[in-house]
Amino acid sequence: MAIVNSSTFGIYFPDLMQRLKKIGIVERITVDPKIPAKELAVKLKGFKFVIASVTPNFTSEFFQYNKDVKLIARHGIGYNNVDIKAATESGVMVTRVLGIHERDSVAELAVALILICLRQIIPANNAVKENKWQDRKNFVGDELSKLTVGIIGYGNIGSRVAEIVKEGFGSKVIAYDPYIADKVIEKTGVKPVSFEELLKTSDVISLNASLNEGNYHFINKKAFDLMKNEVVIVNTARGELINQNDFIEALESKKVSAAGLDVLEEEPINPNNPLLKYPNVYILPHIGGYGKYSLRKMDEKMVEDIEKLMKGEIPEQIVNPEIIEKIITQYGWGAGR
Numbered sequence: 344m345a346i347v348n349s350s351t352f353g354i355y356f357p358d359l360m361q362r363l364k365k366i367g368i369v370e371r372i373t374v375d376p377k378i379p380a381k382e383l384a385v386k387l388k389g390f391k392f393v394i395a396s397v398t399p400n401f402t403s404e405f406f407q408y409n410k411d412v413k414l415i416a417r418h419g420i421g422y423n424n425v426d427i428k429a430a431t432e433s434g435v436m437v438t439r440v441l442g443i444h445e446r447d448s449v450a451e452l453a454v455a456l457i458l459i460c461l462r463q464i465i466p467a468n469n470a471v472k473e474n475k476w477q478d479r480k481n482f483v484g485d486e487l488s489k490l491t492v493g494i495i496g497y498g499n500i501g502s503r504v505a506e507i508v509k510e511g512f513g514s515k516v517i518a519y520d521p522y523i524a525d526k527v528i529e530k531t532g533v534k535p536v537s538f539e540e541l542l543k544t545s546d547v548i549s550l551n552a553s554l555n556e557g558n559y560h561f562i563n564k565k566a567f568d569l570m571k572n573e574v575v576i577v578n579t580a581r582g583e584l585i586n587q588n589d590f591i592e593a594l595e596s597k598k599v600s601a602a603g604l605d606v607l608e609e610e611p612i613n614p615n616n617p618l619l620k621y622p623n624v625y626i627l628p629h630i631g632g633y634g635k636y637s638l639r640k641m642d643e644k645m646v647e648d649i650e651k652l653m654k655g656e657i658p659e660q661i662v663n664p665e666i667i668e669k670i671i672t673q674y675g676w677g678a679g680r
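Written as structure tokens, this is what we have:
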């Protein structure tokens, strides 16, 4: 079994690592996030089960050169780094974490980022530590309770962000999600709106949408032009939702007053990334799911997936369920690596 690029699995909850070791050999492997597919395939020769972080990418070329891996268990909700079609064709099962396990952790971080942006919490803290208490006059901010918050993506996490800011702070909340019926959103006391209306009327925009072909870079110049001046943007979903060049233009023009980002299109961030120079852009190293409860549930899910397969049982949250019959008839799940 290989744990690939996960800096947390089994670290905080060693009992779960011990459960894996009862099944077989476990190795922790760290590779360049952009490792070539063929090199990754060679690196994972002999491993049947892979617990994978958000990187590296398991492309069709990877599956072409590696015939040993039978399970890729994503240590997270998203699975954009796995070519599902190629995995299925190669007889590889792909599983992921139940969204509910990360719900509170990611949503709470999104709200924290909103508050950091609105109230200038970090620069105010830095001023005190630099013996500049008198600079407090520079840290006047906006009350979240008086603002309109627009939620893009009203699923598992987006709906929780809405609940927190609406019930906890009294904010007006609007939402856009083309995959969820308006009546479902309305039942939560939130107004469903079009994408354009949300951009035009929100003081704060929280990105909580899953990445798909239809929304890649959909927060672009056209979208920024529709937004209010001095809007706040928070992204805890996927970095690819935002066109970074257009985002930088919006920062320069003051269209965006502040932003909180837990995700980037390129992770880890390049030290030369121009976003690093903006003091009003708060960047975190993709820690949305790193609440202790959330993290334990994530780790448990990975272990349970492997344990179930070893018993001949079917795991939950299979991304490519059409693989089940093929695996049952074609592969054995004997003990070992």
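Quick note on the numbering used here: the sequence shown kicks off at 344 and runs consecutively.
Beta carbons are placed, not taken as given, at the ideal position from N, Cα and C, and that holds for glycine.
For residue i, which of helix, strand or coil comes out of DSSP?
| i | result |
| --- | --- |
| G353 | coil |
| N578 | strand |
| K549 | The sequence given here places Ser at residue 549; Lys does not occur at that position. Residue state, collapsed to three classes: strand. |
| L387 | coil |
| A518 | strand |
| W676 | With a pLDDT of only 46 at W676, under 50, the local geometry of the prediction cannot be trusted, and no value is derived from it. |
| V536 | coil |
| L414 | strand |
| A524 | coil |
| F561 | coil |
| E473 | coil |
| I465 | helix |
| D485 | coil |
| P399 | coil |
| K377 | coil |
Return the first residue and the last residue of the beta strand (DSSP E) that residue i is part of.
| i | result |
| --- | --- |
| E370 | 370-372 |
| I495 | 491-495 |
| F392 | 392-395 |
| A601 | 599-604 |
| V662 | Neither: V662 is in no beta strand (DSSP E) and is coded neither H nor E. |
| I626 | 624-626 |
| V347 | 345-347 |
What are the start and end residues of the alpha helix (DSSP H) that includes residue i?
| i | result |
| --- | --- |
| S502 | 501-506 |
| Y724 | Because the chain spans 344 through 680 in this model, residue 724 falls outside it and cannot be assessed. |
| V454 | 442-462 |
| T438 | No alpha helix (DSSP H) holds T438; the beta strand (DSSP E) holding it covers 436-438. |
| L652 | 635-653 |
| L569 | 564-569 |
| L594 | 587-595 |
| I427 | 427-432 |
Please check if any C-beta of chain B sits within less than 8 Å of the C-beta of residue i.
| i | result |
| --- | --- |
| L441 | The question asks about chain B, but that chain is absent: this structure has only one protein chain. |
Since residue i contacts residue j with CB under 8 Å, what's their CB separation in whole angstroms?
| i | j | result |
| --- | --- | --- |
| M641 | G632 | 6 Å |
| L542 | A566 | 6 Å |
| D447 | R503 | 7 Å |
| A384 | N348 | That belief does not hold up - the Cβ atoms of A384 and N348 are roughly 15 Å apart, past 8 Å. |
| A345 | F401 | Rounded, the Cβ-Cβ distance is 12 Å, inconsistent with contact. |
Is the beta carbon of residue i sitting closer than 8 Å to the one on residue j?
| i | j | result |
| --- | --- | --- |
| L441 | Q660 | yes |
| V704 | V454 | No information on residue 704 is available, as it lies outside the stretch 344 to 680 that the chain covers here. |
| L387 | V412 | yes |
| I427 | V606 | no |
| G603 | C460 | yes |
| T544 | A505 | no |
| I649 | L458 | no |
| V397 | L414 | no |
| A429 | V437 | no |
| K598 | N572 | yes |
| E445 | S600 | no |
| E668 | L359 | no |
| P399 | I378 | yes |
Would you call the stretch 353-368 in contact with the stretch 612-622, where contact means no fewer than 3 C-beta pairs closer than 8 Å?
no
Under 8 Å: do the stretch 515-528 and the stretch 484-495 share three or more Cβ pairs, one atom per stretch?
yes
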